[in-house]
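Here's the structure we're looking at; comments come further down.
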Amino acid sequence: MGLGCMGMSEFYGPADDVESIAVIHRALDLGVTLLDTADMYGPFTNERLVGRAIADRREDVVLATKFGNERRPDGTRVGVNG
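Rendered as structure tokens:
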């Protein structure tokens with residue numbers, strides 16, 4: 030079972046890192062083994078958040094990430110590289 034982490038960035042409202050990390054920890058406690066992230070979520074902040082959340086439990090997680098969608102620092106989409 031997996032957990033999509035896009036909403037833990039900025040896409041559905043303000044991000045709350047403490048709450049997001051708690052959600053990831055609870056999901057892992059309940060048996061979730063797949064976490065889905067991407068470099069464009071943030072950009073890059075979501076991958077860093079997930080990394081902090083699983084630092085002590087990396088062996089328990091299958092990590093899926095996507096790449097190639099590019100965004101400017103202000104979050105606007107540039108396009109696809111690849």
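Reminder that position 66 of the sequence shown reads as 95 in the numbering used here, one-by-one numbering, no gaps. Beta carbons are placed, not taken as given, at the ideal position from N, Cα and C, and that holds for glycine.
(request) To the nearest angstrom, report how far apart residue 102 and residue 72 are at their CA atoms. (result) Rounded to whole angstroms, residue 102 to residue 72 spans 7 Å at the Cα level.
(request) Spatial neighbours of residue 79 within its chain, please: CB distance less than 6 Å, with the 5 preceding and 5 following residues excluded, ordered by chain position. (result) 34, 64 and 66.
(request) Would you kindly work out how many angstroms separate the C-alpha atoms of residue 54 and residue 70, rounded to a whole number? (result) Residue 54 and residue 70 have their C-alpha atoms roughly 19 Å apart.
(message) Quick check on the burial criterion: 16 or more other C-beta atoms within 10 angstroms. Buried or exposed for residue 32?
(response) Flag for residue 32 reads buried.
(request) Express the C-alpha separation of residue 45 and residue 57 in angstroms, rounding to a whole number. (result) Between the C-alpha atoms of residue 57 and residue 45 there is a straight-line separation of about 18 Å.
(request) With DSSP as the reference, please indicate the residues paired to residue 99 in a beta bridge. (result) BP columns for residue 99 point to 108.
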